[in-house]
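For the sequence shown, the positions run -24 to -1, 1 to 264 when mature numbering (1 follows the signal peptide of the UniProt record, and there is no 0) is used. One structure is given below, encoded as structure tokens.
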Amino acid sequence: MARPFIITITTLLLVIWMASSVKSAPMSSKPKVILVSMDGFRHDYLSKVNNTPNFDMMLREGVTMPWIRNTFTTLTFPCHFTMVTGLYEESHGIVANNMYDSKTDRNRFRMSTTDDDWWTGHETIWTSAQKAGLKAGVYFWVGSASKIQGTRPERWFPYDGRVPFEARVDTLVKWMSEDDFDLGLIYFNEPDHTGHDSGPEGHATLKEVERMDGILGRLLQKLNDTNLLDTVNIIVTSDHGMAATDSDTKLIDLRDYVNDTLVADVIQQGAMASLIPQEGKASSLLYC
């Protein structure tokens, strides 16, 4: 079943223009790439709001796909790590936002976990870039605060959701302009955060889509102000979408299927669940 819940926009016209001029361009104007993720940006959000001039401009001057198939329908971490490794979840090892390794009895993996052991060494795009002698900076992308293959991005921050989106953009552009970075990644937790509170069709969520258009506009303006707009390839994408549901008729209560007295711990819950049974009770956990 197709899962059309992601918007992906790339500035293809800039790529084509730079391909024809790169031979004569000085090193300071060499092509650069910025990858932007707006969490939970559903495939049809732009058709539901009117005040999105910056997205509209990218749609006119770039190229878009109506939807793509994400590798993990519901969760942020698996999808984001797939984007930067090119691997499915069973290969890169990030299979949920919260995990537990029964073989090593390690502490639980949470969204705040940066222990290097959880990031199994699979190469990321920023690792590849730095191996090739390029400069990479990452602002809050999944995995960027941990050493992967013994290295981190040249610039990175531990995740802090309190940092204003505008400040994130300004810092990223500074990396690209003053520090001549070749690759930049930046993550925003909206409109996903508002969508969980207000629903994907909620007024607050749609207003947040308009706000994210303003954040995109700030990025474009800052790049223009630093004479980088014509040398930066911008990719705007998301990890998953969001669907409204009826909690009265479509809610699955695990207690109808699982003997919760035999559950030692609940690792993940929500659209998917991960349970640890009490020792020796796995075969008795499910009601059959």
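Every residue gets a Cβ at the ideal spot worked out from N, C-alpha and C, and that includes glycine.
Opposing strand residues paired with residue i [DSSP bridges]
i	result
TRP43	None; TRP43 has no bridge partner.
THR237	Its beta-bridge partners do not exist; DSSP assigns none.
SER13	TYR163, THR213
LYS8	VAL208
ALA220	DSSP, once it has assigned bridges, lists no residue as partnering ALA220.
ILE124	THR127
Pick from the options that is closest to residue i, judged by C-alpha positions
i	options	result
ASN74	ASP206, SER223, MET248, THR103	MET248
THR147	MET188, LEU182, THR170, LEU195	LEU195
LYS257	PRO54, ASP236, TYR76	ASP236
ASN165	PHE141, GLU177, VAL149, GLY175	PHE141
ARG128	ASP173, TRP95, ARG84, LEU204	TRP95
SER67	PRO54, SER78, ASP77, LYS79	PRO54
VAL212	ASN26, ASP32, ALA143, MET152	ASP32
ASP156	SER78, HIS169, ASN203	ASN203
THR84	GLU255, PRO176, SER250, LEU63	At residue 84 the sequence reads Arg, which differs from the Thr that was named. Closest by alpha carbon: SER250.
GLY246	SER260, HIS172, LEU261, PRO176	HIS172
LYS107	ASP93, ILE124, ASP168	ILE124
GLY137	SER153, ASP168, THR207, LEU35	ASP168
TRP43	GLU65, PHE17, LEU63	PHE17
ASN46	ARG36, LEU35, SER259, TYR64	TYR64
THR170	MET188, ALA105, GLU154	MET188
residue 265	GLY69, ASP91, LEU110, GLN197	In the structure as shown, the chain starts at -24 and stops at 264, and residue 265 therefore has no counterpart that could be examined.
GLN197	VAL149, SER223, TRP102, LYS6	VAL149
GLU154	ASP201, PRO176, LEU230, GLU37	ASP201
LYS6	ASP229, ASP224, THR225, LEU110	LEU110
Residue i (DSSP reduced to helix, strand or coil)
i	result
GLY138	Note that residue 138 corresponds to Arg in the displayed sequence, not to Gly. It is coil, neither helix nor strand.
VAL(-3)	Bear in mind that the predicted position of VAL(-3) carries a pLDDT of just 40, short of 50, making it too unreliable to give a figure here.
SER250	strand
residue 272	The structure shown does not extend to residue 272, since the chain spans only -24 to 264, so no value can be given for it.
TRP117	coil
LEU262	strand
ARG131	strand
LYS143	Reading off the sequence, residue 143 comes out as Ala, not Lys. ALA143: helix per DSSP, three-state reduction.
ALA108	coil
ILE101	helix
ILE70	coil
LYS257	coil
VAL60	helix
ASN200	helix
TRP94	helix
GLY54	As written in the sequence, residue 54 is Pro, which differs from the Gly given in the question. DSSP places PRO54 in helix when its eight states are reduced to three.
HIS19	coil
GLY38	coil
GLU177	coil
LYS24	coil
LYS226	coil
PHE31	helix
Cβ-Cβ separation, residue j to residue i (assumed contact under 8 Å), whole Å
i	j	result
ALA121	GLN244	Their Cβ separation, rounded to whole angstroms, is 21 Å, which puts ALA121 and GLN244 out of contact at 8 Å.
THR100	THR58	Contact flag wrong, Cβ pair sits at about 11 Å.
VAL145	ILE191	6 Å
SER214	ASP77	SER214 to ASP77, Cβ: 28 Å. No contact.
GLU186	THR28	6 Å
VAL242	PRO253	VAL242 to PRO253, Cβ: 11 Å. No contact.
LEU199	VAL234	Between VAL234 and LEU199 the Cβ distance is about 51 Å, and since that is not below 8 Å, they are no contact.
ASN26	GLY193	In fact, because the Cβ distance is near 15 Å, the residues do not count as touching under 8 Å.
VAL118	MET152	Between MET152 and VAL118 the Cβ distance is about 21 Å, and since that is not below 8 Å, they are no contact.
Distance cut-off 8 Å: residue i Cβ against heavy atoms of the ligand PLP
i	result
GLY246	The model on display carries no ligand, and the ligand PLP is accordingly not part of it.
At least 3 beta-carbon pairs within less than 8 Å: the segment 126 to 139 vs the segment 107 to 116: yes
Cβ contact (3+ pairs, closer than 8 Å) linking the segment 159 to 172 and the segment 10 to 29: yes
Cβ contact check for the segment 50 to 63 and the segment 211 to 227: 3 or more pairs under 8 Å: yes
Touching by the beta-carbon criterion (3+ pairs, under 8 Å), the segment 163 to 182 and the segment 18 to 26: yes
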